[in-house]
Amino acid sequence: MDRLTLVAPCLFGLERLIKEELTDLGCEVLGAQDGRVRFAGTLETVVMTNLWLRCAERVQLELAQFEAPTFDALFEGVKAVDWPAFATADSAIVVTGSSVRSALSSLPACQRIVKKAIVDKLGAAHGLTRLPETGPALQVQFFLLKDRASILLDTSGAPLHKRGYRLESGLAPLRETLAAALVRLCRYRGGQAFADPLCGSGTLAIEAAMRATRTAPGLRRAFLFEQYGFLPKGLLVQARERARAELRPAEADILACDIDPAMRTLTLQNARRAGVDHCMTVAEAPLSAFAPAAARGTLICNPPYGERMSELRACEALYREMGQVFDRLPGWDYGILTSHEEFERHFGRPADKKRKLYNGMIRCDFYQYYKHVRQAQAPRP
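Residues 1 to 381 (the working numbering) are what the sequence shown spells out, left to right.
See below:
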(Lines of atoms letter the chains of each structure in order from A; the text may use other names.)
(Lines give C-alpha, C1' and ligand atoms only; values in the text may rest on other atoms or scores of the structure.)
Protein backbone atom coordinates (compact mmCIF):
# COMPACT_ATOMS: atom_id res chain seq x y z
CA MET A 1 0.00 0.00 0.00
CA ASP A 2 2.71 2.46 -0.99
CA ARG A 3 0.39 4.86 -2.84
CA LEU A 4 -3.30 5.17 -2.09
CA THR A 5 -6.08 7.16 -3.69
CA LEU A 6 -8.15 8.89 -1.02
CA VAL A 7 -11.41 10.83 -1.07
CA ALA A 8 -12.58 13.59 1.27
CA PRO A 9 -16.36 14.12 1.00
CA CYS A 10 -17.54 17.57 2.06
CA LEU A 11 -20.51 19.91 2.09
CA PHE A 12 -21.27 21.46 -1.30
CA GLY A 13 -19.31 24.67 -1.79
CA LEU A 14 -16.35 23.68 0.40
CA GLU A 15 -14.32 21.79 -2.22
CA ARG A 16 -11.78 24.61 -2.72
CA LEU A 17 -11.20 24.88 1.03
CA ILE A 18 -10.58 21.13 1.29
CA LYS A 19 -8.03 21.40 -1.52
CA GLU A 20 -6.31 24.22 0.39
CA GLU A 21 -6.28 22.18 3.59
CA LEU A 22 -4.83 19.15 1.84
CA THR A 23 -2.14 21.27 0.18
CA ASP A 24 -1.25 22.78 3.57
CA LEU A 25 -0.87 19.24 4.93
CA GLY A 26 1.50 18.35 2.08
CA CYS A 27 -0.93 16.09 0.20
CA GLU A 28 -1.12 15.71 -3.58
CA VAL A 29 -4.58 16.82 -4.73
CA LEU A 30 -5.85 14.82 -7.71
CA GLY A 31 -9.08 16.67 -8.44
CA ALA A 32 -12.49 17.68 -7.15
CA GLN A 33 -16.14 17.38 -8.08
CA ASP A 34 -19.35 18.34 -6.29
CA GLY A 35 -18.92 17.39 -2.64
CA ARG A 36 -15.76 15.27 -3.12
CA VAL A 37 -12.02 15.93 -3.29
CA ARG A 38 -9.61 13.17 -4.42
CA PHE A 39 -6.01 13.10 -3.27
CA ALA A 40 -3.06 10.72 -3.07
CA GLY A 41 -1.25 9.47 -0.02
CA THR A 42 -0.11 6.60 2.18
CA LEU A 43 -1.42 4.95 5.34
CA GLU A 44 0.24 7.79 7.27
CA THR A 45 -1.84 10.22 5.18
CA VAL A 46 -5.04 8.39 6.20
CA VAL A 47 -4.22 9.01 9.86
CA MET A 48 -2.97 12.57 9.40
CA THR A 49 -5.97 13.76 7.37
CA ASN A 50 -8.50 12.21 9.74
CA LEU A 51 -6.75 14.00 12.58
CA TRP A 52 -6.23 17.40 10.91
CA LEU A 53 -8.88 18.11 8.25
CA ARG A 54 -11.23 20.74 9.65
CA CYS A 55 -13.73 21.13 6.79
CA ALA A 56 -14.11 17.59 5.37
CA GLU A 57 -16.80 15.15 6.51
CA ARG A 58 -14.70 11.98 6.38
CA VAL A 59 -11.72 10.29 4.72
CA GLN A 60 -12.25 7.30 2.43
CA LEU A 61 -9.97 4.89 0.60
CA GLU A 62 -10.86 4.64 -3.08
CA LEU A 63 -10.38 0.94 -3.83
CA ALA A 64 -11.58 0.88 -7.44
CA GLN A 65 -13.17 2.82 -10.28
CA PHE A 66 -14.79 1.08 -13.26
CA GLU A 67 -17.68 1.24 -15.71
CA ALA A 68 -20.81 -0.40 -14.27
CA PRO A 69 -23.77 -0.15 -16.66
CA THR A 70 -25.06 -3.58 -15.53
CA PHE A 71 -25.26 -5.62 -12.33
CA ASP A 72 -22.78 -8.12 -13.78
CA ALA A 73 -20.25 -5.34 -14.39
CA LEU A 74 -20.78 -4.02 -10.86
CA PHE A 75 -20.30 -7.51 -9.37
CA GLU A 76 -17.12 -8.24 -11.33
CA GLY A 77 -15.63 -4.82 -10.63
CA VAL A 78 -16.17 -5.16 -6.88
CA LYS A 79 -14.93 -8.75 -6.82
CA ALA A 80 -11.70 -7.69 -8.55
CA VAL A 81 -10.72 -5.63 -5.47
CA ASP A 82 -8.14 -7.29 -3.19
CA TRP A 83 -10.57 -7.52 -0.26
CA PRO A 84 -8.38 -9.88 1.84
CA ALA A 85 -5.86 -7.02 2.10
CA PHE A 86 -8.45 -4.87 3.89
CA ALA A 87 -10.80 -7.28 5.67
CA THR A 88 -10.66 -10.39 7.82
CA ALA A 89 -12.76 -13.53 7.62
CA ASP A 90 -15.06 -12.26 10.39
CA SER A 91 -15.43 -8.62 9.21
CA ALA A 92 -18.99 -7.31 9.51
CA ILE A 93 -19.59 -5.93 6.02
CA VAL A 94 -21.77 -2.81 5.87
CA VAL A 95 -22.57 -1.45 2.41
CA THR A 96 -24.13 1.93 1.62
CA GLY A 97 -24.16 3.94 -1.57
CA SER A 98 -25.71 6.37 -3.99
CA SER A 99 -26.55 6.47 -7.69
CA VAL A 100 -26.71 9.59 -9.85
CA ARG A 101 -27.76 9.52 -13.51
CA SER A 102 -26.90 5.82 -13.80
CA ALA A 103 -28.71 2.78 -15.21
CA LEU A 104 -28.35 1.00 -11.86
CA SER A 105 -30.70 3.17 -9.83
CA SER A 106 -32.00 0.66 -7.26
CA LEU A 107 -29.82 1.19 -4.19
CA PRO A 108 -30.98 -1.96 -2.32
CA ALA A 109 -30.19 -4.09 -5.37
CA CYS A 110 -26.75 -2.48 -5.74
CA GLN A 111 -26.07 -3.00 -2.04
CA ARG A 112 -26.84 -6.71 -2.35
CA ILE A 113 -24.61 -7.08 -5.43
CA VAL A 114 -21.67 -5.24 -3.82
CA LYS A 115 -21.91 -7.24 -0.60
CA LYS A 116 -22.20 -10.56 -2.46
CA ALA A 117 -19.06 -9.77 -4.46
CA ILE A 118 -17.12 -8.96 -1.27
CA VAL A 119 -18.40 -12.07 0.53
CA ASP A 120 -17.52 -14.30 -2.43
CA LYS A 121 -13.97 -12.90 -2.60
CA LEU A 122 -13.35 -13.21 1.15
CA GLY A 123 -15.00 -16.63 1.32
CA ALA A 124 -12.76 -17.96 -1.44
CA ALA A 125 -9.67 -16.51 0.24
CA HIS A 126 -10.48 -18.11 3.61
CA GLY A 127 -12.09 -21.33 2.39
CA LEU A 128 -15.52 -20.44 3.79
CA THR A 129 -18.94 -20.72 2.21
CA ARG A 130 -20.46 -18.44 4.85
CA LEU A 131 -18.81 -15.56 6.69
CA PRO A 132 -19.63 -15.13 10.42
CA GLU A 133 -19.51 -11.29 10.29
CA THR A 134 -18.91 -11.12 14.03
CA GLY A 135 -15.82 -8.92 13.88
CA PRO A 136 -15.22 -5.18 13.42
CA ALA A 137 -17.31 -3.32 10.85
CA LEU A 138 -16.00 -2.88 7.33
CA GLN A 139 -17.88 0.16 5.99
CA VAL A 140 -17.97 0.08 2.20
CA GLN A 141 -19.61 2.71 0.02
CA PHE A 142 -20.35 2.60 -3.70
CA PHE A 143 -20.86 5.78 -5.70
CA LEU A 144 -22.41 5.50 -9.17
CA LEU A 145 -22.19 8.54 -11.43
CA LYS A 146 -23.15 8.25 -15.10
CA ASP A 147 -22.64 4.46 -14.98
CA ARG A 148 -19.14 4.75 -13.53
CA ALA A 149 -18.65 3.13 -10.12
CA SER A 150 -16.33 4.18 -7.32
CA ILE A 151 -15.82 1.68 -4.49
CA LEU A 152 -14.79 3.34 -1.25
CA LEU A 153 -13.75 2.15 2.21
CA ASP A 154 -14.56 4.49 5.08
CA THR A 155 -11.76 5.17 7.56
CA SER A 156 -13.40 7.80 9.78
CA GLY A 157 -16.45 6.12 11.30
CA ALA A 158 -18.47 8.94 12.84
CA PRO A 159 -18.38 11.99 10.52
CA LEU A 160 -15.42 14.29 11.12
CA HIS A 161 -17.70 17.13 12.20
CA LYS A 162 -18.22 15.10 15.38
CA ARG A 163 -15.12 16.37 17.15
CA GLY A 164 -16.25 15.04 20.53
CA TYR A 165 -16.76 18.38 22.30
CA ARG A 166 -20.41 19.12 21.50
CA LEU A 167 -22.57 16.65 23.41
CA GLU A 168 -25.49 19.08 23.45
CA SER A 169 -26.36 22.00 21.18
CA GLY A 170 -28.75 24.89 20.72
CA LEU A 171 -31.93 24.91 18.68
CA ALA A 172 -30.21 25.37 15.30
CA PRO A 173 -26.67 23.99 15.64
CA LEU A 174 -24.04 24.78 13.04
CA ARG A 175 -22.06 21.76 11.89
CA GLU A 176 -18.46 22.00 13.10
CA THR A 177 -17.02 21.46 9.62
CA LEU A 178 -19.08 24.35 8.24
CA ALA A 179 -18.08 26.56 11.18
CA ALA A 180 -14.42 25.76 10.50
CA ALA A 181 -14.99 26.59 6.82
CA LEU A 182 -16.41 30.02 7.70
CA VAL A 183 -13.38 30.68 9.91
CA ARG A 184 -11.06 29.72 7.04
CA LEU A 185 -13.02 31.78 4.49
CA CYS A 186 -12.41 34.82 6.70
CA ARG A 187 -8.68 33.97 6.71
CA TYR A 188 -8.64 33.95 10.50
CA ARG A 189 -5.47 32.36 11.89
CA GLY A 190 -5.45 33.62 15.46
CA GLY A 191 -3.25 36.68 15.13
CA GLN A 192 -6.04 39.05 16.14
CA ALA A 193 -9.24 39.05 18.17
CA PHE A 194 -12.26 36.96 17.21
CA ALA A 195 -15.88 37.38 18.25
CA ASP A 196 -19.31 35.80 17.80
CA PRO A 197 -22.01 37.98 19.40
CA LEU A 198 -24.77 35.38 18.76
CA CYS A 199 -22.81 32.30 19.75
CA GLY A 200 -25.49 29.73 20.61
CA SER A 201 -23.57 26.64 21.72
CA GLY A 202 -20.27 28.29 20.76
CA THR A 203 -19.27 26.27 17.70
CA LEU A 204 -17.86 29.19 15.67
CA ALA A 205 -15.79 30.56 18.54
CA ILE A 206 -14.55 27.10 19.50
CA GLU A 207 -13.49 26.31 15.92
CA ALA A 208 -11.72 29.68 15.77
CA ALA A 209 -9.96 28.89 19.06
CA MET A 210 -8.90 25.46 17.81
CA ARG A 211 -7.40 27.05 14.70
CA ALA A 212 -5.71 29.79 16.74
CA THR A 213 -4.12 27.24 19.10
CA ARG A 214 -3.34 24.72 16.34
CA THR A 215 -5.51 22.12 18.05
CA ALA A 216 -6.07 19.17 15.71
CA PRO A 217 -9.86 18.77 15.34
CA GLY A 218 -9.63 14.98 15.66
CA LEU A 219 -7.34 14.97 18.69
CA ARG A 220 -10.05 13.92 21.15
CA ARG A 221 -12.06 11.37 19.16
CA ALA A 222 -11.82 7.79 17.90
CA PHE A 223 -11.72 6.62 14.27
CA LEU A 224 -12.97 3.56 12.45
CA PHE A 225 -9.51 2.86 11.01
CA GLU A 226 -8.35 1.93 14.52
CA GLN A 227 -10.26 -1.35 14.02
CA TYR A 228 -8.62 -2.14 10.67
CA GLY A 229 -5.79 -4.64 10.87
CA PHE A 230 -4.03 -3.33 7.75
CA LEU A 231 -3.25 -0.01 9.43
CA PRO A 232 -0.48 -0.16 12.11
CA LYS A 233 -1.79 1.04 15.48
CA GLY A 234 1.40 2.98 16.18
CA LEU A 235 0.65 5.47 13.39
CA LEU A 236 -2.19 7.11 15.33
CA VAL A 237 -0.17 7.19 18.56
CA GLN A 238 2.68 8.96 16.77
CA ALA A 239 0.34 11.35 14.93
CA ARG A 240 -1.36 12.36 18.19
CA GLU A 241 2.02 12.96 19.84
CA ARG A 242 3.03 15.22 16.94
CA ALA A 243 -0.33 17.02 17.12
CA ARG A 244 0.10 17.72 20.85
CA ALA A 245 3.55 19.10 20.12
CA GLU A 246 1.92 21.56 17.68
CA LEU A 247 -0.29 23.15 20.37
CA ARG A 248 0.43 26.81 21.07
CA PRO A 249 -1.14 29.63 23.11
CA ALA A 250 -3.69 31.89 21.45
CA GLU A 251 -2.29 35.31 20.54
CA ALA A 252 -5.54 37.27 21.02
CA ASP A 253 -8.85 37.00 22.83
CA ILE A 254 -11.71 34.94 21.45
CA LEU A 255 -15.09 36.26 22.58
CA ALA A 256 -18.40 34.38 22.52
CA CYS A 257 -21.60 36.13 23.63
CA ASP A 258 -25.25 35.15 23.85
CA ILE A 259 -28.27 36.70 25.52
CA ASP A 260 -29.38 33.27 26.81
CA PRO A 261 -27.61 32.19 30.05
CA ALA A 262 -28.17 28.53 29.13
CA MET A 263 -26.19 29.06 25.91
CA ARG A 264 -23.35 30.66 27.86
CA THR A 265 -23.19 27.61 30.11
CA LEU A 266 -23.32 25.26 27.13
CA THR A 267 -20.56 27.16 25.31
CA LEU A 268 -18.32 26.96 28.38
CA GLN A 269 -18.90 23.21 28.67
CA ASN A 270 -18.17 22.66 24.98
CA ALA A 271 -15.04 24.82 25.13
CA ARG A 272 -13.72 22.83 28.10
CA ARG A 273 -14.26 19.55 26.27
CA ALA A 274 -12.47 20.99 23.23
CA GLY A 275 -9.57 22.09 25.43
CA VAL A 276 -9.80 25.76 24.44
CA ASP A 277 -11.71 27.34 27.35
CA HIS A 278 -8.46 28.91 28.61
CA CYS A 279 -8.28 31.23 25.58
CA MET A 280 -11.98 32.17 25.36
CA THR A 281 -14.12 34.78 27.06
CA VAL A 282 -17.75 33.63 27.22
CA ALA A 283 -20.28 36.29 28.20
CA GLU A 284 -24.03 36.57 28.71
CA ALA A 285 -24.97 39.77 26.88
CA PRO A 286 -27.55 41.12 24.43
CA LEU A 287 -26.44 42.15 20.96
CA SER A 288 -27.03 45.82 21.81
CA ALA A 289 -24.30 45.63 24.47
CA PHE A 290 -21.75 43.96 22.20
CA ALA A 291 -18.55 46.02 22.39
CA PRO A 292 -15.30 44.03 22.06
CA ALA A 293 -12.25 45.60 23.67
CA ALA A 294 -10.00 45.03 20.65
CA ALA A 295 -9.94 47.72 17.98
CA ARG A 296 -9.37 45.15 15.23
CA GLY A 297 -10.55 41.61 14.73
CA THR A 298 -12.73 39.12 12.92
CA LEU A 299 -16.42 38.64 13.69
CA ILE A 300 -18.43 35.68 12.39
CA CYS A 301 -21.99 34.80 13.31
CA ASN A 302 -24.83 32.52 12.30
CA PRO A 303 -28.01 34.44 13.24
CA PRO A 304 -31.52 32.94 13.04
CA TYR A 305 -32.75 32.61 9.46
CA GLY A 306 -36.49 33.11 9.95
CA GLU A 307 -37.38 29.93 8.08
CA ARG A 308 -40.83 30.03 9.69
CA MET A 309 -43.06 32.96 8.73
CA SER A 310 -43.84 33.64 12.40
CA GLU A 311 -40.12 34.25 13.06
CA LEU A 312 -39.40 36.32 9.95
CA ARG A 313 -40.20 39.77 11.38
CA ALA A 314 -38.07 39.17 14.47
CA CYS A 315 -35.14 38.03 12.33
CA GLU A 316 -35.37 41.07 10.09
CA ALA A 317 -35.38 43.33 13.16
CA LEU A 318 -32.30 41.47 14.42
CA TYR A 319 -30.53 42.02 11.08
CA ARG A 320 -31.21 45.76 11.30
CA GLU A 321 -29.81 45.83 14.83
CA MET A 322 -26.75 43.89 13.68
CA GLY A 323 -26.10 46.52 11.02
CA GLN A 324 -26.25 49.30 13.61
CA VAL A 325 -24.08 47.49 16.17
CA PHE A 326 -21.45 46.28 13.70
CA ASP A 327 -21.18 49.78 12.26
CA ARG A 328 -19.47 50.70 15.54
CA LEU A 329 -16.60 48.30 14.69
CA PRO A 330 -14.67 50.06 11.88
CA GLY A 331 -11.54 47.97 12.45
CA TRP A 332 -13.29 44.62 12.21
CA ASP A 333 -13.97 42.23 9.32
CA TYR A 334 -17.20 40.31 9.68
CA GLY A 335 -18.98 37.41 8.05
CA ILE A 336 -22.65 36.48 8.44
CA LEU A 337 -24.31 33.23 7.35
CA THR A 338 -28.04 33.29 6.62
CA SER A 339 -30.60 31.94 4.18
CA HIS A 340 -32.64 35.17 4.18
CA GLU A 341 -32.51 36.51 0.61
CA GLU A 342 -33.12 40.12 1.70
CA PHE A 343 -30.44 40.15 4.39
CA GLU A 344 -28.37 42.96 2.88
CA ARG A 345 -31.38 45.27 2.66
CA HIS A 346 -32.24 44.79 6.33
CA PHE A 347 -28.58 44.89 7.41
CA GLY A 348 -28.21 48.26 5.73
CA ARG A 349 -25.51 47.75 3.08
CA PRO A 350 -24.37 45.26 0.44
CA ALA A 351 -21.67 42.74 1.25
CA ASP A 352 -18.16 43.11 -0.16
CA LYS A 353 -18.30 39.41 -1.03
CA LYS A 354 -21.10 36.83 -1.07
CA ARG A 355 -20.64 33.06 -1.27
CA LYS A 356 -23.26 30.34 -1.73
CA LEU A 357 -23.04 27.58 0.89
CA TYR A 358 -25.28 24.88 2.36
CA ASN A 359 -26.07 24.54 6.06
CA GLY A 360 -27.34 20.98 5.95
CA MET A 361 -30.11 21.07 3.34
CA ILE A 362 -30.62 24.83 3.67
CA ARG A 363 -29.18 26.95 0.87
CA CYS A 364 -27.45 29.96 2.48
CA ASP A 365 -25.24 32.89 1.61
CA PHE A 366 -22.14 33.91 3.53
CA TYR A 367 -21.94 37.71 3.50
CA GLN A 368 -18.46 39.11 4.08
CA TYR A 369 -17.60 42.72 4.92
CA TYR A 370 -13.99 43.92 4.89
CA LYS A 371 -12.71 46.77 7.05
CA HIS A 372 -10.36 48.17 4.37
CA VAL A 373 -13.28 48.49 1.94
CA ARG A 374 -15.46 50.27 4.49
CA GLN A 375 -12.62 52.59 5.46
CA ALA A 376 -11.90 53.43 1.82
CA GLN A 377 -15.56 54.26 1.25
CA ALA A 378 -15.89 56.41 4.38
CA PRO A 379 -16.39 60.13 3.61
CA ARG A 380 -13.38 62.36 4.18
CA PRO A 381 -13.75 65.06 6.86
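Even for Gly, the Cβ is constructed at its ideal location relative to N, Cα and C.
In the structure shown, D327 falls within a coil segment according to DSSP collapsed to helix, strand and coil. K233 sits in coil when the DSSP states are folded into three classes, being neither helix nor strand. Taking the C-beta atoms as reference points, F39 is found nearer than 8 Å to V29. The beta-bridge partner set that DSSP reports for N359 consists of I362. A179 sits close to E207, with the two beta carbons spaced by under 8 Å. Beta-carbon to beta-carbon, L160 and L53 are separated by about 6 Å, close enough to satisfy the 8 Å threshold.
Three or more beta-carbon pairs separated by less than 8 Å are not found between the segment 186-204 and the segment 83-91, which leaves the two stretches without contact. A straight line joining the alpha-carbon of R148 with that of T215 spans about 39 Å.
Look at Q192 here: in three-state DSSP terms it is coil, with no helix or strand label.
Note on the segment 59-98: whole alpha helix (DSSP H) runs with a minimum of 4 residues are 71-79, in chain order.
Residue burial annotation: Q33 is exposed, with fewer than 16 other C-beta atoms found within 10 angstroms of its C-beta. Scanning A317, G360, V114 for the CA closest to the CA of L287 turns up A317. Judged by DSSP secondary structure, I206 falls within the alpha helix (DSSP H) whose first and last residues are 203-212.
Taken atom to atom, the span from the alpha-carbon of C199 to that of K353 is near 22 Å. Annotation for A291: R328 place their beta carbon closer than 8 Å to its own, counting only its chain and skipping 5 residues before and after. Within the model, the alpha-carbon separation for F75 versus Q60 is close to 21 Å. The alpha-carbon separation between R320 and G306 amounts to approximately 14 Å. Under the DSSP assignment, E342 falls outside any alpha helix (DSSP H); it carries neither an H nor an E label. Uninterrupted beta strand (DSSP E) stretches at least 3 residues long and entirely within the segment 244-281 occur at 254-258, given in chain order. Remark: three or more beta-carbon pairs, one from each stretch, lie closer than 8 Å, so the segment 127-137 and the segment 218-235 are flagged as touching.
Excluding its 5 nearest sequence neighbours in each direction, L204 has C-beta neighbours in its own chain below 6 Å: A179, D196, I300, listed in chain order. Residue burial annotation: R242 is exposed, with fewer than 16 other C-beta atoms found within 10 angstroms of its C-beta.
DSSP places C110 in the uninterrupted alpha helix (DSSP H) bounded by 107-126. DSSP places T45 in the helix class (H, G or I) of the three-state scheme.
Under the three-state reduction of DSSP, E28 is assigned to strand. In this model, E176 and M263 are separated by some 17 Å (Cα to Cα).
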